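The sequence shown maps to residues 5 to 104 in the working numbering.
To start, the structure itself, in structure tokens.
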Amino acid sequence: MSDRLAFNISDSESAQQNFLAVATRLEQLIAERDKEVKTAMADARIDGADATYLAKEQRWNAISDNTKNIVQALKQAMTQNDATAQNALSKAKAAVDAIA
């Protein structure tokens with residue numbers, strides 16, 4: 005193992021693209037499920053189980069909202085990480101260029 009720290013922008017971009025593809029699909033699945041449940045519940049009557057199902061659905065909504073918030077936070081962190089790395093690389097290049 006090396007003590008050297010390195011950042012590869014193309015590897016980071018590739019990781020971000022993979023993450024974004026998975027995150028986008030996850031968000032699509034959550035939206036599709038929510039739409040399907042709303043459609044089904046608009047037409048359904050479940051004698052005695054409505055309240056129980058509603059509680060479970062509210063729990064699902066809270067969890068899916070948390071999941072979407074985590075995805076958004078990861079997207080922001082990745083963007084900020086790349087900006088920080090790019091800034092550091094620019095400063096390093098400027099420092100090397102300034103060496104007489």
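We put the CB at the ideal spot given by N, CA and C, even for glycine.
These numbers come from a predicted model, not from an experiment.
Spatial distance of residue i from residue j (CA atoms)
i, j, result
"threonine 83", "alanine 53", "45 Å"
"arginine 8", "isoleucine 67", "40 Å"
"aspartate 51", "methionine 45", "13 Å"
"lysine 97", "aspartate 86", "16 Å"
"leucine 58", "isoleucine 74", "24 Å"
"asparagine 70", "glutamine 62", "12 Å"
"alanine 102", "threonine 28", "43 Å"
"alanine 92", "aspartate 38", "43 Å"
DSSP-derived helix/strand/coil call for residue i
i, result
"phenylalanine 11", "coil"
"isoleucine 103", "coil"
"isoleucine 34", "helix"
"arginine 49", "coil"
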